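For any residue, its number in the numbering used here is found by taking its place in the sequence shown, counting from 1, and adding 82.
Backbone N, C-alpha and C define an ideal beta-carbon position, used for all residues, glycine too.
Computed from a predicted structure; not experimentally measured.
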Amino acid sequence: MKRFLQKKWVRVLIVVVGAAVATWTMGAVWDKYKVLKMTEKMKTVCVGRMLIDLPQEAKIELDHAFIQGFYIDAIEESAEAFAARLAAREAEIRATPDRFGGNDNMESIGEVKTDNGLVGKIFVHGRYVSEGQSSDGFTIEHYRYEGIALEGHVHGSGISIDLMAKKYDPARFDNLTRLIAQLVPNPGNRIPTDPGFCIDLAYFRDPLAAHQRERVTMAAKLPSHPDIALNFDSAAGTKPDPAGLLKRNEAAHARAPAIDNLAFTNVRAAPRTIGGLTGDELVESVLEPNFALIYGFNWEVNGTKDNVFVPHLTLTMATGRSREGPIPSSLSLPAALSLWDKVASSIRIRPTQPLKTSAAQPPSPTIGTLAKAGDTCPCSGWWQCSDGGNGIGVLGGQRRYIKQGERMPQALLLPPQTWWEKLRGLQPSFETATPTSWKLIDKRSRKRGTPDVPLAQAIAAVPTAEGISASAQQALPGTCAVTGSPCPTSGWWRCEEAHALDGTRWFSKGNLLPAATFAVETAARPKLIQRRATWRLMRIAQAPDPYEPDIAG
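If you want it as C-alpha cells, here you go:
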C-alpha cells in the first residue's frame with residue numbers, strides 16, 4: 083500500500099481529486115450563501131386563493147385567468163386610453179359581418195357601472211348557429227346549437243379589465259353581469275382581506291363556487307439567476323386524477339427505454355404536506371445530452387371537484403433553462419433545494435375577513451344561483467333541475483316551486499317506457515348517484531296565482547316588414563322594454579313599477595306590451611288605474627309554463 087501511494091501519478095491524482103472536491107464544496111457553500119442572501123427579503127403574492135412568498139428580486143406575471151367560461155386580462159391604463167380602445171373595439175365589431183353577411187353583428191351594448199367603481203360596456207355579438215341531424219341507426223334527431231360572443235370591458239382605479247368568451251350560451255348571459263359585479267380593481271396587486279379569488283391587478287369577491295372553474299397561473303423569474311424559472315398554477319373544480327404525480331412519474335419511466343432512465347436521478351419522491359394541503363413532491367436531477375446537469379422540482383395537489391379551497395395546485399421550479407437549450411444549473415443541488423424549500427413551504431390559503439353585511443338584510447340570492455339536493459333552499463321561487471331532458475322526464479316536473487328553508491329534493495327521473503312497460507302500465511324510475519343540481523330561475527315569495535283584478539292585456543301587433551327586421555334578433559334576459567313597444571322575445575316579463583299589481587307575466591314576441599295596473603284607494607272602494615310601465619325580461623319561454631296559472635298577456 084505504501085509503495086502504491088509513493089507512486090508519483092497516484093499522489094498527483096489524489097491532489098487533483100481533493101482539489102476538485104474542495105472546489106465543489108466551496109462552490110456549494112457559496113451557492114447556499116447566495117440563496118441565503120437572496121431570500122433574506124421576501125414578498126408575498128396572491129395567486130387565486132393562495133399566498134406564496136418569493137425573493138424580493140423576482141419578476142412576476144399573473145396570467146391565464148379564467149372563470150365560468152370567460153378569459154380575463156387586466157392592464158394598467160388611463161381612463162382616456164380605455165375610452166379610445168373601447169370605441170375602437172365597438173367599431174371593429176360593428177364592421178364585422180354577421181353570420182348572414184349583413185350588418186347586424188352587434189346585437190346589443192350594455193352600460194356597466196358597479197359598486198366597486200368599475201365603468202364600461204358589455205358587447206353581445208357574433209351569434210353562431212350550428213344545426214343538423216344525428217342518427218344512432220334507428221332514430222334521427224335534429225339538433226341546434228346557438229352561441230354568442232360576450233365581452234365585458236371595464237375600467238376603474240387606473241386598471242382596465244377585459245372578460246371575453248366565444249360561442250357562449252345566450253341563456254347564461256347573466257353570468258357575465260354577476261362576475262363584473264363581483265370584480266374589484268386591485269392596483270399594485272395588494273393582498274386583499276375580502277374572501278375571493280386573486281388575478282392580476284384585480285380580484286373577484288366571493289361567493290364563487292367550484293363549478294365556475296376559477297383558474298390563474300403565476301410565472302416568476304430571478305434576474306440574478308436567469309436560468310431558473312418558477313410556476314404556480316391554481317385550478318378549482320377539476321376532477322382529481324386517479325394517478326397522482328408520483329404514480330404518473332413511475333409509469334413514464336417504466337415506459338421509457340432503460341438508456342434514457344440513466345439520465346434521471348430521483349432526489350425526492352414522496353408525499354409532502356404544505357400549508358395543510360397534502361400533495362406529491364418530486365425532485366429530479368437530469369443529465370442532458372449536452373452533459374448539462376439540471377434540476378427539476380415539482381409539488382402537486384390533486385385537488386377536489388367541489389371545494390375552491392382545495393384546488394388542483396402545481397408548483398414547479400426548473401434550473402438550467404435558456405433559449406439555446408439546457409445549460410448547467412447556476413445553483414448546486416444543495417443551494418437549489420434550499421431555494422425550493424424556502425418558496426414551497428410558504429404556500430398557504432389566504433386568510434380573510436368575513437364581508438360586512440347587514441344582519442337585518444342579508445344578501446339575496448340572484449337569478450342563476452345554484453343549490454344541490456340536500457341543501458337548504460336559500461330563496462323562495464321557481465327552481466329548475468339539471469337532470470332530465472332528451473326523453474327523460476322528472477317526477478313533478480323539471481321546474482318546481484320551492485320555499486326558502488325547505489330541503490332541495492333529489493330528482494326522480496322517468497326514462498321512456500318500453501312497449502312492454504306501456505302495455506303493463508308501468509313507469510320505470512331512477513335517481514342519479516350524484517345530488518341533483520337546481521338553478522334559481524324566478525324569485526318569488528309565493529306561487530303565482532290568478533290575479534283578482536283584470537289586468538291590461540298585450541295587443542297583437544300588425545306585422546310589417548320593418549317590424550320583422552327590427553325584432554329579428556332575440557333579446558337577452560335583463561332586456562327592458564316599455565308599454566306600447568313590440569315585445570322583443572317571448573318570455574316572462576316583470577313589471578318594474580313599484581306597487582303595480584302585474585308582477586311577472588308572459589308575453590308573446592311581437593305583441594305590444596300593456597300598461598301596468600294599479601289600485602288607488604278611494605272613499606268608496608279601490609279604483610283601478612293603468613299607466614305606462616317598464617318591463618324587464620326575466621326568462622325566455624316560447625309558451626307559458628304548464629305549471630303556472632294562465633296570466634299570459
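{"Query": "Candidates L595, S428, G566: closest to W574 by CA position", "Result": "L595"}
{"Query": "Residue environment, N185, which counts as buried when at least 16 other CB atoms sit within 10 Å", "Result": "exposed"}
{"Query": "Inter-residue Cα distance where the pair is A291 and T451", "Result": "10 Å"}
{"Query": "S420 vs K114 beta-carbon contact at 8 Å", "Result": "yes"}
{"Query": "Contact under 8 Å by Cβ, E366 with N348", "Result": "yes"}
{"Query": "Backbone CA spacing between I474 and L496 [nearest angstrom]", "Result": "6 Å"}
{"Query": "Rounded straight-line distance, which links the Cα of Q435 to that of I273", "Result": "12 Å"}
{"Query": "Where V602 sits in the DSSP three-state scheme", "Result": "strand"}
{"Query": "Collapsed DSSP secondary structure at M300 in the structure displayed", "Result": "strand"}
{"Query": "Contact the region 298-317 vs the region 333-347: 3+ CB pairs below 8 Å", "Result": "no"}
{"Query": "Anticipated Cβ contact below 8 Å, W465 with R481, distance rounded", "Result": "7 Å"}
{"Query": "8 Å CB neighbourhood of N372 in its chain, flanking five on each side removed", "Result": "G407, P408"}
{"Query": "Cα-Cα separation, I550 to D323", "Result": "Summary for I550: the model assigns pLDDT 38, below 50, so the residue's position carries little reliability, and this model does not support an answer."}
{"Query": "Start and end residues, alpha helix (DSSP H) containing S420", "Result": "415-426"}
{"Query": "Backbone CA spacing between D309 and K119 [nearest angstrom]", "Result": "18 Å"}
{"Query": "Buried versus exposed call for Y285 [16 or more other C-beta atoms within 10 Å across all chains shown]", "Result": "buried"}
{"Query": "For R482: DSSP bridge partner residues", "Result": "W465"}
{"Query": "Reduced DSSP category for V117 - H, G, I as helix; E, B as strand; rest coil", "Result": "helix"}
{"Query": "Nearest to Q264 (by Cα), restricted to the options R226, G199, K521, K249", "Result": "G199"}
{"Query": "Segment contact, 8 Å Cβ cut-off, at least three pairs: the region 157-173 with the region 294-313", "Result": "no"}
{"Query": "Cβ-based neighbour list, V99, same chain, cut-off 7 Å, excluding 5 preceding and 5 following", "Result": "Because V99 sits at a pLDDT of 48, beneath the cut-off of 50, its placement in the model cannot be relied upon, and the following sentence gives the value as read from the coordinates. The answer is none, since no qualifying residue turns up."}
{"Query": "Straight-line gap, W501 to R226 (C-alpha atoms, nearest Å)", "Result": "29 Å"}
{"Query": "Buried or exposed (CB count within 10 angstroms, at least 16 for buried), I281", "Result": "buried"}
{"Query": "Residue of I523, G478, K504 minimising C-alpha distance to S669", "Result": "One cannot answer for residue 669 here, as it falls past the ends of the chain, which runs 83 to 635."}
{"Query": "Presumed contact (8 Å Cβ cut-off) between T571 and A582, rounded CB distance", "Result": "Between A582 and T571 the Cβ distance is about 21 Å, and since that is not below 8 Å, they are no contact."}
{"Query": "Backbone secondary structure at H310 - three-state DSSP", "Result": "Before going on, a small fix: residue 310 reads as Ile here, not His. Strand at I310."}
{"Query": "Residue range of the alpha helix (DSSP H) that includes E36", "Result": "A query on residue 36 cannot be resolved here, the shown segment of the chain reaching from 83 to 635 and no further."}
{"Query": "Best match in G202, S190, F391, S242 for proximity to I432 [C-alpha to C-alpha]", "Result": "The residue you asked about is not Ile; residue 432 is Arg in the sequence shown. Selected option, being the one with the closest Cα: F391."}
{"Query": "Pairwise C-alpha distance: P491 and G479", "Result": "12 Å"}
{"Query": "For K141, the residue or residues it bridges with in DSSP", "Result": "K303"}
{"Query": "Under 8 Å between C-beta atoms of E296 and I149", "Result": "yes"}
{"Query": "Per DSSP, cross-strand counterpart(s) of V206", "Result": "S190, L232"}
{"Query": "Separation of A623 from P252, as counted between CA atoms", "Result": "13 Å"}
{"Query": "Closest Cα partner of N331 within the set G214, L283, R350", "Result": "R350"}
{"Query": "The region 209-224 contacting the region 177-184, beta-carbon criterion three pairs below 8 Å", "Result": "yes"}
{"Query": "Reduced DSSP category for N343 - H, G, I as helix; E, B as strand; rest coil", "Result": "helix"}
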